[in-house]
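Comments concern the structure below.
The structure is reproduced here in structure tokens:
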């Protein structure tokens, strides 16, 4: 007989084992590399203490949990082994062959099996405690909210700081006891202490019965604790009209939970008594009684109370609980201090009123961010490896006047075709360059924005806007691609000529970056990023550094993972440096009686605010230097107990808001994400009377967006589904509010009554340093009927002159873009303004063409805002921009005057005098039109 050679099979097994071990080793090494490079990064940004605290609060709970779980499992498995029959006093039935085989295999390895099973399951259970780090940090550094819940009398801090950790501990302990009981039961079965034979009652030895009774009693005690925690959870009940404990919850569910807790303790007593009894009668009575009572007391009775007691008199019985929901929801979202002012919405606005509010009128925004993104890209992208993808709204002092502006950073476009190959991606094309800045209210003679900062290198029209460090290594649109700087390879800095025949070169000289000169660090980064070139490249030197986590939002999230990051970082020129400003939030989903917000419904960017929360504060203004990545975290709301907890836990991370440079304070703004959440909650919770709230007598909604500016989110440039009926988003205004003398930078959201088109109110939030964060609700008269944005939009559509002109443009192959419809409060009246842009079919370069102004039932569309307001309020009287010829002037005279006006406009623009510039442009246009008429054009 020929013997087969077993060597190939052994070789295959050996190879498989080798590959498996190598794979596990590689994963372990990559994990260690990530751990090490994380530490290097935190050290490079001077936040090593933050990293150490985060690691400790993850590792210590996991280690303690693993030890406790191991000891619990090992002790009980050891007891199970000690209680197993020492001698085979019975014959194994055929059905127990599996048990017999397992006994034969386990017996010689019993210690290893016991230790291994306890260790594996103990670690699996224990490491889950690492996820408690945030709740533990909050718990240990908690402070009072100064507000008690109206049902159980606990301070809100109990629900926000303590209850989440108690729920974690309870869930973990209950899970551990269930696992222990199941594992012990299996061990007793395999040891012969439990016999399950067909056609016979289960046979359980006395020792096993005692052991299992104790474990089940502990589970029953834990269940009693769980019912007590469930009582606190009633303050998040969705049963009633509002979120929180309702009449049924308080009068039926709460007593039921107390009774069930007592029943669970009684069941635990029966289970412990069963240690001295024979059989399982007492445990069966305990479990059966608990099941029956939980169904009757915990389910049937509350349902009956709701149906037969509450529903017939719901408004009366739920009134105090509705009041609780209103009070606590307004507290949770910072709506409790909204100032309500009456707004007359007068139909009597005059040209004198317009002149008296010139700062407001001069700052009406004529450029939409969505439109301006395309315009900036066409005019100022300069090279294909640059991108101007996010236009933000801000304000600057221009020629001594505070002016609303639009700004975009010229970031590196990492997807550009020219950036290909490892050297180009990581060593050569490393940064963007400069920014583009233009007034939100100015248009040149070509229908394009008037640039205050433009080109590469950046050229500023005003010395105060000079950018001395224009390089953008850290940006809003950057991916997780790492860079290596300080190498032998020079970086592309900026193009030297418009033709791009040559480029300036640069070597990074900033303080940011992680040293990568040593081979050990190079290997660590190679493992982290799965990039062998990091090790083998000959371009690196001992002074080379890695720039990692270059996206500003991701950078801040990494440094402070316990804070939430706003979806719209914006760029600011501060003292010649480009600084990213990012709003950060403290949130909780455990504020009692507060309605949860829905980010999915609001459409706020993913990864910012959580999907569900019911408490939020904008407590931190963070900054990131676009050149070296330096981060600062300024606490601007120290009244929030959550941020106080984090400040106590991470003292090296935060700075007082009072230490923020004044140049930066001047650019702070109320965050749109927060304002959208507050506006959404205010639709219902502006109603403070329980009866009004119950009947939804005054519920509001947001108007639909009447613009068609590229199917884009107007404030962030994010593309949205064009088939979705979008709500009208809030927008920033620089204006003087009624009855106030000071110019305010604010964000505004109009509201309509539900399913009605007229305007009900508009909510504003101030951004100025004097009264930052002040919320004012301007209520319109209920007796009148003030047109809402959608009614005004329909009025514009129905205007013969407007519709005829738009139809004509569309027929000529151009795309007409109607921009944001702005509601502008002036004195005690509402003025509506909407810019109109024209874009050629083949060239995505929108051109400002007209502006529509609407007041009462009057609609005018003119080339400039000044002309539109003049015609709207002067009844078409001749103005400075009239197109009618004057006196005996000839066409050449008028053209000479127009040329002189254009020259004066250019002089004013260079001087930064935007008001004179705009006036001279309008004057020149009027003179040219007069000349055209004289010539018979």
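In my numbering, the protein residues as written are 485 to 1421.
Backbone N, C-alpha and C fix where the C-beta goes; we use that ideal spot for every residue, glycine too.
None of these values were measured; they are calculated from a predicted model.
- Within a 10 Å sphere around the beta-carbon of residue 1155 sit 16 or more other beta-carbons, which makes this residue buried.
- For the set 516, 528 and 511, the Cα lying nearest the Cα of residue 1032 is the one of 528.
- Short of 6 Å from the beta carbon of residue 1101, and not among the five residues preceding or following it, lie these beta carbons of its own chain, in chain order: 1070, 1121 and 1124.
- At least 9 Å separates the beta-carbon of residue 930 from that of residue 1275.
- Judged by DSSP secondary structure, residue 1116 falls within the beta strand (DSSP E) whose first and last residues are 1115 to 1119.
- 9 Å or more divides the Cβ of residue 1329 from the Cβ of residue 1300.
- At the C-beta level, residue 1057 and residue 1231 stay beyond 9 Å of one another.
- The straight-line gap separating the alpha-carbon atoms of residue 940 and residue 920 is approximately 10 Å.
- Counting along the chain, the unbroken alpha helix (DSSP H) around residue 563 starts and ends at 532 to 566.
- Secondary structure note for residue 1285: its alpha helix (DSSP H) is the uninterrupted segment 1284 to 1295.
- Under the three-state reduction of DSSP, residue 1092 is assigned to coil, being neither helix nor strand.
- With respect to residue 1339, residue 1298 sits apart: the two C-beta atoms are not nearer than 9 Å.
- The three-state secondary structure of residue 1171, taken from DSSP, is coil.
- For the pair of segments examined, the region 1017 to 1037 was found to touch the region 952 to 970: the number of CB pairs separated by less than 8 Å reaches three.
- For residue 742, the closest of 716, 1383 and 901 by C-alpha to C-alpha distance is 716.
- Note that the C-beta distance between residue 1345 and residue 1308 is not below 9 Å.
- Between residue 1343 and residue 1337, the C-beta gap is smaller than 9 Å, which places the two residues in contact.
- In the same chain as residue 866, and ignoring 5 residues on each side of it, the C-beta atoms closer than 6 Å to its own belong to 940, in chain order.
- In the DSSP assignment, residue 1030 falls within the beta strand (DSSP E) that extends over 1029 to 1031.
- Straight across, the Cα-Cα distance linking residue 993 with residue 1114 is about 14 Å.
- Ranked by how close their Cα comes to the Cα of residue 603, the residues 1392, 560 and 553 have 553 in first place.
- Distance from the CA of residue 781 to the CA of residue 730, rounded to the nearest whole angstrom, comes to 17 Å.
- Here residue 772 is exposed: its Cβ has fewer than 16 other Cβ atoms, across all protein chains shown, within 10 Å.
- Secondary structure of residue 923 (DSSP, three-state): strand.
- Listed as beta-bridge partners of residue 1061 by DSSP are 953 and 1058.
- Within the same chain, 706 come within 6 Å of residue 658 by CB-CB distance, once the 5 residues on both sides are set aside.
- The Cβ atoms of residue 975 and residue 961 do not sit closer than 9 Å to each other.
- Under DSSP, the beta-bridge partners assigned to residue 871 are 895.
- Contact between residue 877 and residue 890 holds: their C-beta atoms lie close to 6 Å from each other, under 8 Å.
- Counting of Cβ neighbours within 10 angstroms places residue 881 among the exposed residues, the total staying below 16.
- Within the DSSP bridge table, the entry for residue 825 names 1262 as partners.
- The distance from the Cβ of residue 955 to that of residue 1111 is about 5 Å, consistent with a contact at the 8 Å cut-off.
- Closest in alpha carbon position to residue 546, among 752, 653 and 563, is 653.
- In chain order, 558, 561, 562 and 565 place their CB closer than 7 Å to the CB of residue 598, counting only its own chain and leaving out the 5 sequence neighbours on each side.
- Looking at 1277, 1318 and 1295, the one whose alpha-carbon comes closest to that of residue 1325 is 1295.
- The three-state secondary structure of residue 1234, taken from DSSP, is strand.
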